[in-house]
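Chains as they are written, first to last, in our numbering: chain A, 1 to 209; chain B, 1001 to 1290.
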Amino acid sequence: MSKQTLIQRHTAGARLNHWLVALAFILAGLSGLGFFHPGFFWLTNLFGGGTWARILHPFFGAVMALFFLLWVARVWKDNRITAVDWQWAKHMGEILRNQTKNLPPVGKYNLGQKLLTRALLVAILLLLASGILLWQPWFAPEFSIDLRRKAVVVHAFAAFVALICFIVHVYAAYWTRGSIRAMTRGTVTAAWARHHSAGWHKEMAGKNQ
Amino acid sequence: MTLQSLDIKRRSATTTPAPNARTTLEVAKLIDISKCIGCKACQVACMEWNDLRDTVGKNRGVYDNPADLSDQSWTVMRFAEVEPTPGRLEWLIRKDGCMHCADPGCLKSCPAPGAIIQYSNGIVDFHEEACVGCGYCVIGCPFNIPRLAKKDGKAYKCTLCSDRVAVGREPACVKTCPTGAIVFGSKEDMLHHGAGRISDLKERGYQQAGLYNPPGVGGTHVMYVLQHADRPELYQGLPKNPGISPLVVLWKEIAKTLMNIGLGAAVLGGVFHYLTQGPNEVPEEEEETL
Chain A
1 MSKQTLIQRH TAGARLNHWL VALAFILAGL SGLGFFHPGF FWLTNLFGGG TWARILHPFF
61 GAVMALFFLL WVARVWKDNR ITAVDWQWAK HMGEILRNQT KNLPPVGKYN LGQKLLTRAL
121 LVAILLLLAS GILLWQPWFA PEFSIDLRRK AVVVHAFAAF VALICFIVHV YAAYWTRGSI
181 RAMTRGTVTA AWARHHSAGW HKEMAGKNQ
Chain B
1001 MTLQSLDIKR RSATTTPAPN ARTTLEVAKL IDISKCIGCK ACQVACMEWN DLRDTVGKNR
1061 GVYDNPADLS DQSWTVMRFA EVEPTPGRLE WLIRKDGCMH CADPGCLKSC PAPGAIIQYS
1121 NGIVDFHEEA CVGCGYCVIG CPFNIPRLAK KDGKAYKCTL CSDRVAVGRE PACVKTCPTG
1181 AIVFGSKEDM LHHGAGRISD LKERGYQQAG LYNPPGVGGT HVMYVLQHAD RPELYQGLPK
1241 NPGISPLVVL WKEIAKTLMN IGLGAAVLGG VFHYLTQGPN EVPEEEEETL
């Protein structure tokens, strides 16, 4: 392969932030799934058994929420939904069939990514709030049983939304070739940028000149 | 914890049948509130048999002592001074503790396999060595009974002396009750005994006397004879129509099934999409134009 022009997409700080969220999400997810359904209870063995999973899960969750909020603050300026995004969304059928020529020039993130950020933000805020209501032994005893009954439903539902977001996010990164390096090495090829984020590519090219 | 192992009707967080080769007689404890004198001998017997010692609390100016159930107090007498008819004071004393529901909300909520066991005799027992300390049993219980211990983070409650019952003895509280307000036997016999007590109370002017064996939880294996069965809330908030909260049912039955299907479908959807459409690549000609 010939040498390609590379464009910086994520700084080292952003990458570190992303992978801290990912690590905490996976740990919170695996430990939490054990309590989600008996079929997943064996996952608690990864953490030293049910009691350890119960003790650790809220700490994983709190770390995830903290770094996720930092992440959102970091990317929010590139996450505003614009008119181009809605133009792009009209081509969703073609995009899913990999017919990606002549798409509207979206910015750094496309509408799918922007909606994912929003869905995860809502889900994680709900997980955080309901999780505090359920956190034994520190906080849960302070809240009424009725409130905690609502919290378990919210927690399970928000966890489901977060897990769906996770599956979609991981798959999209794998499906869209050349994306994963943006979060490992921090760079994408110029061709990738022009193809997937033409608006952002133009902006970056402008900066460099 | 008991020696029994082959007569389990239901086991928490378990999707396969529990070992239920043996079927034992369905038992029940009947607490006749009209006979209770509030002596608290049952509390003492419970502490003694189960080797529990609660910390000495503060006098709050009422007879309830200790003030609430705890990991060390599996039963407490709750005293209510009420006037069911104006001008007629009654002192209603209810021995509070686990009701051993036929449909236990604690067991439904529990995520730890085998931490909550329902025996074929009806006793709902916590196996603390399998308890993870999440407190979901507290959320599931319609009677606000289980308590998490500060010391070890495990949930505790009345066992209905499952260890004594397993060897053919009555619960400690029953054995000690000086007035015979607490009796124990087969559920059938207890229903019969209760019916006799209720007709007696009715003859003595308690027209609303009745049995507390709430159908919302499938009936209980601890039942009350109430002088005012039409108003159970008089007895320090005994719920009128207890049942597992619809939120708990939504959480444990409906939501989780749909969500497991949803997660599976998302993963399969990804696999299907990749196998039919392949990767989303930057076309080669675009690479070359650089």
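Note that CB positions come from ideal geometry on N, CA and C, so glycine has one too.
Simplified DSSP assignment, three categories, for Met1 (chain A): Here residue 1 (chain A) refers to the residue found at position 1 of the first sequence. For Met1 (chain A), the predicted model reports a pLDDT of 45, less than 50, meaning its position is unreliable; a value from the coordinates is still stated below. Met1 (chain A): coil per DSSP, three-state reduction.
Could you tell me the boundaries of the alpha helix (DSSP H) in which Tyr174 (chain A) lies? Walking along the first sequence from the start, residue 174 (chain A) turns up at place 174. 145-175 is the extent of the alpha helix (DSSP H) around Tyr174 (chain A).
Three-state secondary structure assigned by DSSP to Val75 (chain A): Position 75 of the first sequence, counting from 1, holds the residue named residue 75 (chain A). Note: Val75 (chain A) maps to helix in three-state DSSP.
Chain-order list of residues whose beta-carbon lies under 7 Å from that of Met1001 (chain B) (same chain, five-residue window excluded): Taking the first residue of the second sequence as 1, we reach residue 1001 (chain B) at position 1. Because Met1001 (chain B) sits at a pLDDT of 46, beneath the cut-off of 50, its placement in the model cannot be relied upon, and the following sentence gives the value as read from the coordinates. Hits under 7 Å: His1127.
Which of the three DSSP states is assigned to Met1001 (chain B) in this structure? Along the second sequence, one-based indexing puts residue 1001 (chain B) at 1. Reliability of the predicted coordinates at Met1001 (chain B) is poor, the pLDDT of 46 falling under 50, and the value obtained from them is presented with this limitation in mind. In the structure shown, Met1001 (chain B) sits in coil (DSSP, three-state: anything other than H, G, I, E or B).
Suppose the cutoff is 7 Å on Cβ atoms and the five residues either side in sequence are ignored; what does the same chain contact list for Ala14 (chain A) look like? The residue labelled residue 14 (chain A) in the question sits at position 14 within the first sequence. Result list for Ala14 (chain A): Arg74, in chain order.
Alpha helix (DSSP H) runs contained entirely in the segment 1031-1069 of chain B, provided each spans 4 or more residues: 1041-1050
Contact with chain B by Gln87 (chain A), beta-carbon distance below 9 Å: What you label residue 87 (chain A) is simply residue 87 of the first sequence in a count that begins at 1. Not an interface residue.
Nearest-angstrom Cα separation, counted from Leu56 (chain A) out to Ser1186 (chain B): For this step, residue 1186 (chain B) is matched to residue 186 along the second sequence. For this step, residue 56 (chain A) is matched to residue 56 along the first sequence. Whole-angstrom Cα-Cα distance: 44 Å.
Do Ile1182 (chain B) and Leu1030 (chain B) count as a contact pair if the criterion is CB distance below 9 Å? Position 30 of the second sequence holds residue 1030 (chain B). Position 182 of the second sequence holds residue 1182 (chain B). Yes, the Cβ-Cβ distance between Leu1030 (chain B) and Ile1182 (chain B) is below 9 Å.
Sequence-distant residues of its chain with Cβ nearer than 7 Å to Thr163 (chain A) (five each side left out): For this step, residue 163 (chain A) is matched to residue 163 along the first sequence. In the sequence as displayed, the identity of residue 163 (chain A) is Leu instead of Thr. Here the set comprises Gly29.
The segment 1257-1271 of chain B touching the segment 1063-1082 of chain B, judged by at least three CB pairs closer than 8 Å: no
Met183 (chain A) by DSSP, collapsed to three states: which one? Within the first sequence, residue 183 (chain A) is the residue found at index 183, counting from 1. Helix at Met183 (chain A).
Would you say Met1259 (chain B) reaches chain A, if we count a Cβ-Cβ gap shorter than 9 Å as a contact? As a first step, residue 1259 (chain B) must be located in the second sequence, where it is residue number 259. Met1259 (chain B) counts as touching chain A.
Kindly indicate the opening and closing residues of the alpha helix (DSSP H) around Thr214 (chain A). For chain A, the structure presents residues 1 to 209; residue 214 (chain A) sits outside this window and is missing.
So, using beta-carbon positions, are Cys1046 (chain B) and Cys1173 (chain B) closer together than 9 Å? Start at 1 with the first residue of the second sequence, and residue 1046 (chain B) comes out as number 46. Start at 1 with the first residue of the second sequence, and residue 1173 (chain B) comes out as number 173. In contact: Cys1046 (chain B) and Cys1173 (chain B) (Cβ atoms closer than 9 Å).
Min CB distance Ile167 (chain A) to chain B below 9 Å: Here residue 167 (chain A) corresponds to residue number 167 of the first sequence, with the count starting at 1. Answer yes: the Cβ-Cβ gap between Ile167 (chain A) and chain B drops below 9 Å somewhere.
Buried or exposed for Arg148 (chain A), please, with buried defined as at least 16 other CB atoms from any protein chain shown within 10 angstroms of its CB. Within the first sequence, residue 148 (chain A) is the residue found at index 148, counting from 1. It counts as buried.
Bridge partners of Leu86 (chain A), per DSSP? In the first sequence, residue 86 (chain A) corresponds to position 86, counting from 1. The sequence shown places Trp at residue 86 (chain A), not Leu. The partner list for Trp86 (chain A) (beta bridge, DSSP) is empty, contrary to what the question assumes.
Write down the C-beta distance between Leu1148 (chain B) and Gln4 (chain A) rounded to the nearest angstrom, noting that I regard them as a contact closer than 8 Å. If you number the second sequence from 1, residue 1148 (chain B) lands on position 148. If you number the first sequence from 1, residue 4 (chain A) lands on position 4. Not quite, the Cβ-Cβ distance comes to about 59 Å (not below 8 Å), so this is no contact.
Measuring alpha carbon to alpha carbon, tell me which of B:Arg1010, B:Cys1042, B:Arg1088, B:Val1056 ends up nearest Arg992 (chain B). One cannot answer for residue 992 (chain B) here, as it falls past the ends of chain B, which runs 1001 to 1290.
Would you check if the segment 157-171 of chain A and the segment 1259-1270 of chain B touch, i.e. whether three or more CB-CB distances between them fall below 8 Å? yes
Taking Glu1203 (chain B) as part of the alpha helix (DSSP H), name the residues at either end of that continuous run. In the second sequence, the residue the question calls residue 1203 (chain B) occupies position 203. Counting along the chain, the alpha helix (DSSP H) containing Glu1203 (chain B) begins and ends at 1187-1203.
Anticipated Cβ contact below 8 Å, Ala1195 (chain B) with Leu1201 (chain B), distance rounded: Position 195 of the second sequence, counted from the first residue, corresponds to residue 1195 (chain B). Position 201 of the second sequence, counted from the first residue, corresponds to residue 1201 (chain B). That belief does not hold up - the Cβ atoms of Ala1195 (chain B) and Leu1201 (chain B) are roughly 11 Å apart, past 8 Å.
Tell me the rounded alpha-carbon separation between Gly186 (chain A) and Asn45 (chain A). Residue mapping note: residue 186 (chain A) aligns to position 186 of the first sequence, counting from 1. Residue mapping note: residue 45 (chain A) aligns to position 45 of the first sequence, counting from 1. Taking the straight line from one Cα to the other gives about 34 Å.
For Arg1010 (chain B), the nearest candidate out of B:Met1099, B:Cys1039, B:Leu1250, B:Gly1114 (CA to CA): The residue you call residue 1010 (chain B) lines up with position 10 of the second sequence. Ranking B:Met1099, B:Cys1039, B:Leu1250, B:Gly1114 by Cα distance to Arg1010 (chain B) puts B:Gly1114 first.
What does Lys1256 (chain B) touch in chain A if you count any residue whose Cβ is under 8 Å from its own? Residue 1256 (chain B) sits at position 256 when you count from the first residue of the second sequence. What Lys1256 (chain B) touches in chain A: Phe36, His37, Ala156.
Does any residue of chain B have a CB that is nearer than 9 Å to the CB of Asn45 (chain A)? Counted from its first residue, the first sequence places residue 45 (chain A) at position 45. Answer no: the Cβ-Cβ gap between Asn45 (chain A) and chain B never drops below 9 Å.
Can a CB atom of chain B be found closer than 9 Å to the CB of Ala119 (chain A)? If you number the first sequence from 1, residue 119 (chain A) lands on position 119. No, because no Cβ of chain B sits closer than 9 Å to the Cβ of Ala119 (chain A).
Quick one: is Trp76 (chain A) buried, meaning 16 or more other Cβ sit within 10 Å of its Cβ, or exposed? Taking the first residue of the first sequence as position 1, residue 76 (chain A) is located at position 76. That one is exposed.
Would you verify that the beta carbon of Asn110 (chain A) is, or is not, closer than 9 Å to some beta carbon of chain B? On the first sequence, position 110 is the one that residue 110 (chain A) refers to. Chain B, which has no Cβ nearer than 9 Å to the Cβ of Asn110 (chain A), makes this no.
Cβ-based contacts, 9 Å cut-off: residues of the segment 1116-1142 of chain B near chain A: Ala1130, Cys1131, Val1132, Gly1133, Cys1134, Gly1135, Tyr1136, Val1138, Ile1139, Gly1140, Cys1141
Would you mind giving the Cβ-Cβ distance between Met64 (chain A) and Val106 (chain A), rounded to the nearest angstrom? I have them listed as a contact below 8 Å. The residue labelled residue 64 (chain A) in the question sits at position 64 within the first sequence. The residue labelled residue 106 (chain A) in the question sits at position 106 within the first sequence. Met64 (chain A) to Val106 (chain A), Cβ: 28 Å. No contact.
Of the residues B:Gly1097, B:Lys1154, B:Asn1020, the one placed nearest Thr1220 (chain B), counting alpha carbons only: Residue numbering aside, residue 1220 (chain B) sits at position 220 when the second sequence is read from its first letter. Measuring from the Cα of Thr1220 (chain B), the nearest candidate turns out to be B:Gly1097.
Ser1109 (chain B) - DSSP class collapsed to helix/strand/coil: Within the second sequence, the letter at position 109 stands for residue 1109 (chain B). Note: Ser1109 (chain B) maps to helix in three-state DSSP.
Between the C-alpha atoms of Arg1169 (chain B) and Asn1020 (chain B), what's the straight-line distance to the nearest angstrom? Taking the first residue of the second sequence as position 1, residue 1169 (chain B) is located at position 169. Taking the first residue of the second sequence as position 1, residue 1020 (chain B) is located at position 20. Approximately 22 Å between the Cα atoms of the pair.
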